[in-house]
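What follows is one structure encoded as structure tokens, with my remarks underneath.
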Amino acid sequence: MAAVCLGLLLAVFTAQAQIDKEIYYKALSSGEEESIDKVLAKLEIEKSSAKVNAYKGALTMKKAGFVKGVGGKVKTFKKGAHLLEDEIKSNPGNTEFRFLRLTVQEHAPGILKYNKEIDADKQAVVTGYDKLDADLKNVIADYAKDSKVLKESDLK
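Counting with mature numbering (1 follows the signal peptide of the UniProt record, and there is no 0), you get residues -17 to -1, 1 to 139 for the letters of the sequence shown.
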């Protein structure tokens, strides 16, 4: 009986500890520092994983836009880039991670020169799109509506 209760408790805790993609992608696209900070705080208490690190990396790069001073912006951006790049290097076939990097590259200031992989990432997203879950497909399709790099027609 105690083992069953412990198992149920672990299942509930594990389910709660899952990253909520909808909340994550809302924060990433929101442009609101408070929203980004809230999701980053949630990610900080998550058990480290490739997905958590990739999400933290992309959000940290997005947060760099709110940091005061050029030096602080660059330092914050590089911190996030390091997290995301490490996960892409370890998981080059992960379409979601490549999508995250594509979104950051498309919106990063040119002075950062963070756009060298944009074409390869677009191709990876287009190629892997059909294998993604419906929620992530919707996120990518919504992004493609306004993207200058990834078009809705690319996803068909």
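All residues carry an ideal CB built from backbone N, CA and C; glycine is no exception.
Since the structure is predicted, the reported quantities are computational estimates derived from the model, not experimental observations.
How is the alpha helix (DSSP H) around residue i delimited, first residue to last?
i	result
S31	S31 -> no alpha helix (DSSP H), and no H or E assigned at all.
K62	53 to 73
G111	101 to 111
D125	117 to 129
L85	78 to 90
Is residue i buried or exposed, if buried means 16 or more other CB atoms sit within 10 Å of its CB?
i	result
T110	exposed
E15	exposed
A(-1)	Low local confidence applies: a pLDDT of 45 at A(-1) is under 50, so the model's placement there is unreliable, and no value is given.
M72	Looking at the sequence shown, residue 72 is not Met but Lys. Exposed, because fewer than 16 other Cβ atoms sit within 10 Å of the Cβ of K72.
K128	exposed
K105	buried
A64	buried
A107	buried
Do you know whose CA, among the options, lies nearest residue i's CA?
i	options	result
C66	H90, G40, S136	Per the sequence presented here, residue 66 reads as Leu, with Cys not at that position. Comparing Cα positions, the closest option is G40.
A103	P92, L115, Q88	Q88
F60	E70, E68, T86, K46	K46
D125	K9, Y38, F80	K9
I19	Y7, E29, K134	Y7
K99	M44, K25, R84	R84
D113	I101, I94, P92, D137	D137
A42	V57, V22, G76	This sequence places Leu at residue 42; Ala is not what is there. Ranking V57, V22, G76 by Cα distance to L42 puts V22 first.
A91	K134, Y38, K56, A117	K56
What is the DSSP secondary structure of residue i, reduced to helix, strand or coil?
i	result
G(-11)	Because G(-11) sits at a pLDDT of 37, beneath the cut-off of 50, its placement in the model cannot be relied upon, and the point is left open.
E17	helix
K114	helix
K134	coil
I2	coil
Y7	helix
Report yes or no: do three or more beta-carbon pairs, one from the stretch 28 to 38 and one from the stretch 46 to 62, lie closer than 8 Å?
no
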